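Here's the structure, in structure tokens; my notes come after.
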Amino acid sequence: THFAELGLWKAAGVDIAAEGDPWYKEIGQGMGAALNTASAMDAYVLSDRATWLAFKNRGELEIVVEGDKRLFNQYGVMLVNPARHPSVKAEPGQRFLDWLISPEGQQAIGEYNIDGQQLFFPNAEQKRS
Numbered sequence: 038t039h040f041a042e043l044g045l046w047k048a049a050g051v052d053i054a055a056e057g058d059p060w061y062k063e064i065g066q067g068m069g070a071a072l073n074t075a076s077a078m079d080a081y082v083l084s085d086r087a088t089w090l091a092f093k094n095r096g097e098l099e100i101v102v103e104g105d106k107r108l109f110n111q112y113g114v115m116l117v118n119p120a121r122h123p124s125v126k127a128e129p130g131q132r133f134l135d136w137l138i139s140p141e142g143q144q145a146i147g148e149y150n151i152d153g154q155q156l157f158f159p160n161a162e163q164k165r166s
């Protein structure tokens, strides 16, 4: 989420590192801590949907922007190279990877939800083609 946020600031023409303005607070403690801080300070925060739904100390926080394709946060999966890391359990890792991109794995990913809200949108088939 942090890298996605930096990309959004860059696209807006704002260099957070160079700005050094007191209005921007970098928490550096994870999304739950960022949400707690934003709630306490009545501030804006960029959050992933899963953390937001699991977070109960929202105070006056509410979602103000959602659905914009620039907020899309792609997850990926890759197998660690066993030649470079001999202790890795390559066969179970490959089985897990194969399951994740299988129709069954993609269905499980798509059906995962919190309070009826879908959190992940599988697209392995799109990436394979």
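Each residue of the sequence shown is one higher than the last, beginning at 38 in the numbering used here. C-beta atoms are modelled at their ideal positions from N, C-alpha and C, and glycine is treated no differently. This structure is a prediction, so every number in the text was calculated from the model and none was measured.
Beta-carbon proximity list for residue i, same chain, < 8 angstroms, skipping 5 on both sides
i	result
residue 126	none
Sequence-distant residues of the same chain with beta carbon closer than 7 angstroms to residue i, five excluded per side
i	result
residue 82	71, 72, 75
Terminal residues of the alpha helix (DSSP H) in which residue i lies
i	result
residue 38	Element bounds for residue 38: n/a, residue is neither H nor E.
residue 104	Per DSSP, residue 104 belongs to no alpha helix (DSSP H) and is neither H nor E.
residue 78	68-78
residue 129	127-138
residue 95	Taken as a continuous stretch (DSSP letters only), residue 95 belongs to no alpha helix (DSSP H), as it is neither H nor E.
Rounded Cβ spacing between residue i and residue j (contact assumed at less than 8 angstroms)
i	j	result
residue 94	residue 38	With a Cβ gap of about 18 angstroms, residue 94 and residue 38 do not count as contacting.
So does the stretch 43-56 actually touch the stretch 66-74, counting three or more Cβ pairs closer than 8 angstroms?
no
Using 8 angstroms as the cut-off, can you tell me whether the stretch 136-152 makes contact with the stretch 84-92, which would need three or more C-beta pairs spanning the two stretches below that distance?
yes
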